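Participant: Here you go, one structure.
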Amino acid sequence: MKNKQPQIIIAVISDLNTDQRIQKIAGSLHEHLGNVTVICRKLRKSNPDYPFRVRRIRMLLKSGVAFYATFNIRLFFRLLICRSDIIVSNDADTLLPCYYAAKLKGSKLVFDSHEIMSEVPEVIHRPRVQKVWQWIEKTYIPKIRYKYTVCNSLKDFYNSGFKVIRNVPYRLELKDSKPHGEEKMILYQGSVNMGRGIEDMIAALPFIDNAVFVIVGDGYMMRELRIMVQNSNVAEKVIFKGKMDPKKLSVYTQLADLGISIEENLGLNYFYALPNKLMDYIQAGVPVLVSDFPEMQNIVKTYNVGETLKSREPEMLAQQINRMLNDTMQLEKWKENLKSASKELCWEKEETELLRLYREVLS
């Protein structure tokens, strides 16, 4: 019976509603291994139902040292009172309460690293804050036996016995055709924060022909980008869609002609990234333009599904995009290759590796 199965608690500080990786992992573990409870931050008044249990921590603060301290203290006490055979910490910002709660309760501890906290752009220019995250990563991560991350570059960076579980989407049933007007659709989806290449795209738009740039997502750069759009006189070429439900987004992504993931090199966290958006574009059958960073470049070259960025200079970037959008023969090749890539880069395959790891934890 289900109540005799292992109790797995997953701790994450992000918004579960838009964190597709946590949704997939929690769903797979709940379906195949045991009872899953996700403890996360409460950000919305209304929340969808999930097959697993969700416990949200309401926070008055939204950022800063006091926010992290308060969330971690509340998370620690939640973990203490919940029955758990396995506690899963997602990233270093939940690691301390998970580590000590697991020690006190005798639970197995698993660490799931989505990113290097000491290398996020908001941290690398704040030496004191960065040193705290570096201390947590160097002190605690090597002590954890079971851990996995999203790509080989992060695995090599940690050099501490990680396995790789990539953040890939479920297989999609694609539509045979999609409606097209004269204008092509260039899509960016994800967090609207610094270093995502969105400013480069806006600067290039005056030189891009017959295309609109659609931004799906939200973040602290939104107001600044809206002002930039107005000042650049490209308001008719930019559409801000805001946050979108993942199921709706997966359908919307298929309408795009080109998917953008041109992050800047603002630290190792971006340089080693294998962004969710890239895998979503591929699964939706959309050719991609990506930064020439190791993981992204490897995917694009291995499967031949797009190009790496040649230049961020506005006119040069526009020339590359214009060519990609209008080279009919190349587009057809990319679309054929995308069909093959989507069969390999899907959660149905990655889930097998995830379950193998957790069965080892339980053995």
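Residue numbers for the sequence shown follow the working numbering, so the first one is 9 and each next one is one higher.
Backbone N, C-alpha and C fix where the C-beta goes; we use that ideal spot for every residue, glycine too.
The model shown is predicted, which means the values in this text are computed figures rather than measured ones.
(1) Please report the distance separating the alpha-carbon of D208 from that of P322.
(2) Quick check on the burial criterion: 16 or more other C-beta atoms within 10 angstroms. Buried or exposed for P25?
(3) Is any beta-carbon of chain B found at less than 8 Å from that of T261?
(4) Looking only at its chain, what residues have a beta carbon closer than 7 Å to the beta carbon of Y289, apart from the 5 residues adjacent to it on each side?
(5) Is the region 150-158 in contact with the region 188-203, if contact means three or more CB pairs nearer than 8 Å?
(6) How many angstroms separate the CA atom of N218 from the CA atom of M202?
(7) So is W141 buried or exposed if we call it buried at 16+ other beta carbons inside 10 Å?
(8) To test your reading of the DSSP string, which unbroken beta strand (DSSP E) runs of 3 or more residues are found completely within the region 47-94?
(9) Please determine if the region 64-75 and the region 29-45 are in contact, where contact requires at least 3 C-beta pairs separated by less than 8 Å.
(10) Measuring CB atoms only, is the region 299-306 touching the region 233-248, in the sense that at least three cross pairs come out at less than 8 Å?
(11) Given a cut-off of 8 Å, decide if A281 and S258 are closer than it, judged by their beta-carbon atoms.
(12) DSSP three-state call for I196: helix, strand or coil?
(13) As an exercise, report each continuous beta strand (DSSP E) stretch of at least 3 residues that is fully enclosed by the region 96-160, in chain order.
(14) With hydrogens ignored, establish whether the beta-carbon of L195 is closer than 7 Å to any heavy atom of the ligand ADP.
(15) Taking contact to mean 3 or more Cβ pairs, one atom from each stretch, closer than 8 Å, check whether the region 77-93 and the region 125-138 are in contact.
(16) From this set, L286, I30, A74, which residue's C-alpha is nearest A406's C-alpha?
(17) Does DSSP classify K251 as helix, strand or coil?
(18) Which residues bound the beta strand (DSSP E) around T316?
(19) Mapping the DSSP letters down to three states, classify N43 as helix, strand or coil.
(20) Is the CB-CB distance between K245 and L213 below 8 Å?
(21) From what residue to what residue does the alpha helix (DSSP H) around S350 run?
(22) At what residue ranges does the region 262-339 contain a whole run of the alpha helix (DSSP H), taking only runs of 4 or more?
(23) Expressed to the nearest angstrom, what Euclidean distance is found between the alpha-carbon atoms of K10 and L83?
(24) Checking 8 Å against the spacing of the C-beta atoms, do K116 and D93 come in under that value?
Facilitator: On the basis of the coordinates in this document:
(1) Within the sequence shown, the letter at position 200 stands for residue 208. Within the sequence shown, the letter at position 314 stands for residue 322. Computed Cα separation, rounded: 7 Å.
(2) For this step, residue 25 is matched to residue 17 along the sequence shown. According to the sequence as given, residue 25 is Asn; it is not Pro. By the neighbour-count rule (16 or more Cβ atoms within 10 Å), N25 is buried.
(3) Note that chain B does not occur in the displayed structure, where there is just one protein chain.
(4) Taking the sequence shown and counting its residues from 1, one reaches residue 289 at position 281. Around Y289: T261, G267, V296.
(5) Here the region 150-158 does not lie against the region 188-203, with fewer than 3 beta-carbon pairs under 8 Å apart.
(6) Counting from 1 along the sequence shown, the entry for residue 218 is found at position 210. Counting from 1 along the sequence shown, the entry for residue 202 is found at position 194. CA-to-CA, the gap between N218 and M202 works out to about 27 Å.
(7) In the sequence shown, the residue the question calls residue 141 occupies position 133. Buried: at least 16 other Cβ atoms inside 10 Å.
(8) Segments of the beta strand (DSSP E) lying fully in the region 47-94: 61-66.
(9) At 8 Å Cβ cutoff, the stretches do not touch.
(10) Cβ pair count under 8 Å is below three, so no.
(11) The residue labelled residue 258 in the question sits at position 250 within the sequence shown. The residue labelled residue 281 in the question sits at position 273 within the sequence shown. Contact flag unset, no.
(12) The sequence position of residue 196 within the sequence shown is 188, counting from 1. One point to set straight first is that residue 196 is Tyr, not Ile, in the sequence displayed. Residue state, collapsed to three classes: strand.
(13) Qualifying beta strand (DSSP E) stretches, in chain order: 116-121, 154-157.
(14) The model depicted lacks the ligand ADP and carries no ligand whatsoever.
(15) Short answer: they don't touch.
(16) There is simply no residue 406 to check, as the chain begins at 9 and stops at 371 in what is shown.
(17) Indexing the sequence shown from 1 puts residue 251 at position 243. Collapsing the DSSP output to three states places K251 in coil.
(18) Translated into the one-based positions of the sequence shown, residue 316 becomes position 308. From DSSP, the beta strand (DSSP E) with T316 extends over 314-316.
(19) The residue you call residue 43 lines up with position 35 of the sequence shown. Note: N43 maps to strand in three-state DSSP.
(20) Taking the first residue of the sequence shown as position 1, residue 245 is located at position 237. Taking the first residue of the sequence shown as position 1, residue 213 is located at position 205. Yes, the pair counts as a contact, with Cβ atoms nearer than the cut-off.
(21) Translated into positions along the sequence shown, residue 350 becomes position 342. Following the DSSP letters along the chain, one finds S350 inside the alpha helix (DSSP H) bounded by residues 336-352.
(22) Fully contained in the region 262-339 are the following alpha helix (DSSP H) runs of length 4 or more, in chain order: 276-279, 284-291, 302-311, 322-334.
(23) Reading the sequence shown from its first residue, position 2 is the one you call residue 10. Reading the sequence shown from its first residue, position 75 is the one you call residue 83. Summary for K10: the model assigns pLDDT 49, below 50, so the residue's position carries little reliability, and this model does not support an answer.
(24) Mapped onto the sequence shown, residue 116 falls at position 108. Mapped onto the sequence shown, residue 93 falls at position 85. Between K116 and D93, the C-beta gap is smaller than 8 Å, which places the two residues in contact.
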